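A.B. asks: Residue numbering for the sequence shown follows my numbering, beginning at 20 and increasing consecutively. Mind having a look at this structure? Questions to follow.
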Amino acid sequence: MDNEINPIDQILKLRELLKKYEYEYYVLNQSSVSDAEYDKLMNQLIDLESKYPQFITPDSPTQKVGGTFDSSFKKVRHNTPMLSLSNVYNEEEIRTFTKRIDDVIDNKLQEYVCECKIDGLSIALSYENGVLVKAATRGDGITGEDITLNAYNIASIPQHIPYYGNIEVRGEVYMSKHTLEELNIIQERQGKEPFANCRNAAAGSLRQLDYTITKQRNLETFIYTLVEPEKYEIKSQYEALQFMKKLGFCINKEAKIVHNVQEILDYIKDLGNKRNSLPYDIDGVVIKLNDLDQYSTIGYTAKAPKWATAYKFPPEEVPCKLLDIVFTVGRTGRITPNAVIEPTKVAGSTITRSTLHNEDYILSKDLRIGDTIYIHKAGDVIPEVGDVLLERRPKDAKPFKMIDTCPICKEKIYREEGEADYYCLNINCPARILESVIHFCDRKAMNIDGMGEANVKLLLDLNLIENIADIYQLYNHSYELKHIPGWGEKSVYNLLNAIENSKNNSLERLLFALGILQVGEKTAKILAKEFNNIDNLMNADMATLSNIDNIGPIMAKDIYNFFKEEKNIELINKLKSYGVNMVNLNAQKADSNSFFSGKTIVLTGTLSFMGRTEASNLLENECGAKMSGSVSKKTDLVIVGDNPGSKYDKALELNIKILTEEEFHNLLIEEGKILL
Ligand code: IVH
C-alpha cells in the first residue's frame with residue numbers, strides 16, 4: 020500500500036478491513052485472512068497513525084483489543100484491563116524488543132520467560148476465599164462476557180483453590196488436537212460443518228449459552244498470568260507460574276527462563292521443531308520479562324505491555340505432489356478447480372485438497388499434474404497452494420488445459436468476457452441442485468438441523484427429494500426415512516420437526532436461502548425490510564431495486580432476473596403453498612408512532628444500558644428505524660454513547676441531530692420499549 024497517497028483514505032480503509040477481520044475472528048470464529056496478513060495490515064495502520072497522529076481516533080483497531088462485539092452473555096468489567104500482545108516476526112524485531120527494555124533498565128542482564136503462545140481464547144478467573152466466583156472472556160479488554168457457568172464445566176478449571184483471600188488469574192482455554200479430531204467426526208456424522216481448527220472449536224465450545232455443550236467438548240486450560248502478583252509477594256513471572264501451579268491450575272510445562280536473545284532464538288527453534296508433536300496448537304512464543312517489579316517502569320501502549328511480546332511462527336510451507344486437478348460445481352453453476360494432493364501434514368492436520376480458484380490462477384502458476392508444489396495454511400486454517408518446485412517437474416508433465424463441459428452433467432460450460440470463472444448453465448445439473456439444497460438448509464439460511472451435506476446428498480441419492488421444495492414434502496416419506504440405516508424414529512422425528520419449524524423463519528432468512536446471485540445475509544435483510552413480503556419484491560422493477568441503499572445496478576439486475584425465471588417462480592409458489600413464511604414478521608411489529616420510525620439512524624460509541632446490536636435490533640424491529648453504519652447527509656439522527664469516535668465528529672460537521680445516551684434511554688422508556 021502506498022503511504023504517500025491520501026493517508027486518511029488509507030487509514031480509513033485499513034480500519035474498515037481490520038474491523039471486518041476482527042469481527043470474523045472474534046464473533047464468527049472464522050477468519051478469511053491469515054494471522055500474518057492481519058498483522059501486516061495492523062502494522063501498516065500503526066505506521067500510518069504514528070506518521071499522522073492527528074487522525075488517531077479511540078475507535079481505531081490500534082487503540083483497542085479486538086472483540087468488541089455484542090452477545091447474549093452478561094457483561095463484566097475487568098478490574099485490570101486484559102491486554103493483548105505486540106508481535107515480532109524475526110531476530111531483528113526481537114532485538115529491538117529487548118533493546119528497548121535494556122534502555123529503560125540500568126542492569127543489562129535481563130531474564131526472560133519464554134512460553135508457548137497457545138492458540139485458544141483468553142479467560143480471566145476470579146476466586147474469593149478459595150471459591151471460583153467469576154469467569155470472563157477478554158471481550159474488548161475492558162469489558163468481557165460472563166462465562167462463569169461455562170467455566171464450571173471445564174474440568175481443568177478448579178472450582179476451589181487452597182487460597183483464602185481474593186485472587187485473579189488469567190490464561191488460555193483451548194481444545195487439544197485429539198479432542199478436535201473426535202469432535203469433527205461427530206460434527207460430520209450429524210451433518211454439521213467440521214471446525215476448521217482448535218481455536219475455532221474452543222471458541223465455539225466456550226461461548227455457548229448452553230453450558231452443557233461446553234461440558235461435552237472437553238476444553239482444557241493453561242494459566243499464565245497472576246493479576247496483581249505483588250499482593251502475594253511474587254517477584255517474577257516464573258515464580259508466578261509455580262505459585263499458580265501449587266494452587267491447582269494447569270501450567271504449560273514448556274515455560275523456560277532465558278537470558279539473552281540467542282537463548283530466545285534457541286527456544287523458538289526448539290519449540291518450532293516440537294510444534295507438530297505437541298498435543299495442542301500453538302502459533303508462536305510469548306517472551307516476557309521475568310522481573311515483575313520492572314513492569315510499571317517499562318510500561319504499556321494502549322493495547323499491550325512493552326515488557327512482553329509474541330513471536331509468531333511463519334506459515335509452514337510443505338512440499339507435496341499434485342496428483343490431479345478436479346472440478347466442483349457450486350449452486351450458481353460456478354466451476355471451481357481443486358488440487359488433489361498427496362495426503363500431507365501441514366500445521367497439524369492432513370491436507371488432501373486445496374482450491375485453485377479458477378483457470379487463470381492455475382495458468383499464472385503454471386501448475387501441472389505431477390508437479391511438486393508447496394502447500395501452506397493461510398491463517399493456519401485454509402490450505403493454499405504456493406509455488407511449483409520446477410526442478411522436480413516430471414519431463415512429461417503437460418500444461419494445464421481447462422475443461423469445456425460440466426464434470427457432472429456434461430453440458431457445455433461458459434466463461435463470460437471479463438469474468439474469471441466458468442459456469443454450468445444447466446439449471447437441472449445435479450451438482451447445482453445438491454449445492455442449492457445444502458445452502459437452503461444451512462445454519463445461516465433456513466437453519467434446518469439434520470440437513471447437512473451428507474444427509475442432503477443421501478436424500479437426493481435415494482430420490483426422496485429432487486429439489487428444495489421437496490424438503491417440505493419429506494413427511495410423506497417418514498416410513499422410508501425411518502428405514503435408512505442408522506436413522507430411526509427419533510432422528511426422523513427431529514428432522515421433520517426442524518423442517519416444520521423452518522416454515523416460521525423470517526423473510527430475510529428465506530431470501531438468503533433461495534441463493535439469489537449476490538444476495539448475502541446483509542442484502543437479504545435489506546430486501547426483507549424494504550419490501551416486507553416476497554410478492555412486493557417479485558414485482559419490483561429494476562429502477563426500484565437499484566434505488567435501494569447498498570444495492571448497485573449489477574446486484575439489482577441479478578435480483579430482478581432471479582424473480583423473472585419460471586423455475587424460481589414455481590419454487591416460491593410451492594414453498595408458499597407448503598406454508599413457508601413469506602412476510603417480514605419484524606415489520607408488522609414496528610411501531611409507526613415511534614419517534615424513531617422511518618428515520619435513518621447511526622449509533623456510535625458504547626451504550627451502558629444495552630449492547631449496540633441489541634439497540635440496533637430494537638430500533639429497527641420495534642421502532643421502525645433504518646440503521647446505517649456511516650454518517651452522511653441522508654442520516655436523520657446520530658445516537659452517541661461513550662467514546663464515540665469519528666462518526667460523532669462527522670455528525671457535528673454535517674449538522675445532524677444528535678441524541679445523547681440519556682436522551683435515547685429516556686425516549687425508549689417513554690415509548691415503553693424498555694422498562695425503567
Ligand atoms: S500473556 C498482557 N501468555 O495471546 C499479556 N498470552 O496475542 C497478556 N496467549 O490475549 C497475555 N498464550 O489470549 C500470554 N503464554 C501466553 C499466551 C498468551 C496465548 C494469547 C492471549 C493473548 C493473546 C495475545
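The C-beta atom is built at its ideal place from N, Cα and C for all residues, glycine as well. Nothing here was measured: the structure is a model prediction, and the numbers come from that model.
1) Our contact map puts Val456 next to Ile487 with C-beta atoms below 8 Å; I'd like the distance itself, whole angstroms only.
2) Express the C-alpha separation of Arg350 and Glu454 in angstroms, rounding to a whole number.
3) Rounded to whole angstroms, what is the Cα-Cα separation between Phe513 and Val304?
4) Is it true that the CB of Cys460 sits closer than 9 Å to the CB of Ile452?
5) Looking at Leu102 and the ligand IVH, is the gap between the Cβ and the nearest heavy atom below 8 Å?
6) One question on the structure: do Ile484 and Ala450 come within less than 9 Å of each other, judged by their Cβ atoms?
7) For Ile591, which of helix, strand or coil comes out of DSSP?
8) Between which two residues does the alpha helix (DSSP H) holding Arg372 run?
9) Identify, in the order they occur along the chain, each residue of the same chain with its Cβ nearer than 8 Å to the Cβ of Tyr667, setting aside the five sequence neighbours on each side.
10) For the ligand IVH, is there any heavy atom lying closer than 8 Å to the beta carbon of Glu134?
11) Nearest by alpha-carbon distance to Ile446: which of Cys425, Arg434, Asp121, Ala439 is it?
12) Measuring only from the beta carbon, is Val305 closer than 8 Å to any heavy atom that is part of the ligand IVH?
13) So, with DSSP's three-state summary, where would you put Glu18?
14) To which residues of the same chain is Phe628 closer than 7 Å at the C-beta, ignoring the five residues directly before and after it?
15) Would you report the Cα separation of Cys339 and Ile401, rounded to the nearest angstrom?
16) CA-CA distance, Gly630 and Pro80?
17) Tell me His179's beta-bridge partners as DSSP assigns them.
18) Using a Cβ-Cβ cutoff of less than 6 Å, which residues in the same chain neighbour Ala17 once the five nearest sequence positions on both sides are dropped?
19) In angstroms with no decimal places, state the Cα-to-Cα distance between Ala321 and Tyr330.
20) Looking at C-alpha atoms only, which residue of Met557, Thr542, Thr363, Gly291 is the closest neighbour of Ile392?
21) Counting Cβ pairs closer than 8 Å, one from the segment 517 to 537 and one from the segment 577 to 584, do we hit at least three?
22) Exposed or buried, Leu37, counting other C-beta atoms within 10 Å across all chains shown (16 or more means buried)?
23) Is there at least one non-hydrogen atom of the ligand IVH closer than 8 Å to the beta-carbon of Pro324?
24) Start and end of the beta strand (DSSP E) containing Glu584?
25) So what does Cys339 bridge to, in DSSP terms?
26) From which residue to which residue does the alpha helix (DSSP H) around Ala259 run?
27) How would you write the range of the alpha helix (DSSP H) that Thr380 sits in, first residue to last?
28) So for Leu290, helix, strand or coil by DSSP?
29) Drop a sphere of 10 angstroms on the beta-carbon of Pro181, count the other beta-carbons inside from all chains shown, and report buried for 16 or more, exposed for fewer.
30) Do the segment 539 to 554 and the segment 408 to 418 meet, that is, are 3 or more Cβ pairs less than 8 Å apart?
31) So Ile553 and Leu515 are supposed to be a Cβ contact under 8 Å. How far apart are they, rounded?
32) Helix, strand or coil: which one does DSSP assign to Met465?
33) Any idea which residues DSSP pairs Ile30 with across the strands?
34) Taking the beta carbon of Ala174 as the centre, do at least 16 other beta carbons fall within 10 Å, making it buried, or is it exposed?
35) In the structure shown, what three-state DSSP assignment does Ile124 receive?
36) Taking 9 Å as the cut-off, decide whether the C-beta atoms of Leu308 and Gln256 are in contact.
C.D. replies: The short version:
1) 6 Å
2) 5 Å
3) This sequence places Asn at residue 513; Phe is not what is there. Cα to Cα, Asn513 sits roughly 46 Å from Val304.
4) no
5) It does: the Cβ of Leu102 is within 8 Å (strictly closer) of some heavy atom of the ligand IVH.
6) Contact flag unset, no.
7) helix
8) Taken as a continuous stretch (DSSP letters only), Arg372 belongs to no alpha helix (DSSP H), being part of the beta strand (DSSP E) at 368 to 374.
9) Cβ-Cβ distances below 8 Å link Tyr667 to Thr623, Gly624, Val657, Val659, Ile677 in the same chain, with the five nearest sequence neighbours on each side left out; the list follows chain order.
10) yes
11) Cys425
12) yes
13) Residue 18 is absent from the structure shown; the chain starts at 20 and stops at 695.
14) His684
15) 16 Å
16) 19 Å
17) BP columns for His179 point to Val150.
18) The structure shown does not extend to residue 17, since the chain is modelled only from 20 to 695, so the question has no answer here.
19) Inter-residue distance for Ala321 and Tyr330 is about 20 Å (C-alpha atoms, whole angstroms).
20) Closest option to Ile392, Cα to Cα, is Thr363.
21) As far as the Cβ criterion goes, the segment 517 to 537 touches the segment 577 to 584, which means the pair count is three or higher.
22) buried
23) yes
24) Looking at the DSSP string, Glu584 is not in any beta strand (DSSP E), and its letter there is neither H nor E.
25) Ile392
26) For Ala259, the enclosing alpha helix (DSSP H) stretches over residues 256 to 266.
27) Just to set this straight, residue 380 is Tyr in the shown sequence, not Thr. Per DSSP, Tyr380 is one residue of the alpha helix (DSSP H) stretching across 378 to 384.
28) The answer is helix: DSSP assigns Leu290 an H, G or I state.
29) exposed
30) no
31) At roughly 24 Å, the Cβ-Cβ gap does not stay under 8 Å, so Ile553 and Leu515 are not in contact.
32) coil
33) Paired residues: none, contrary to the question.
34) exposed
35) coil
36) yes
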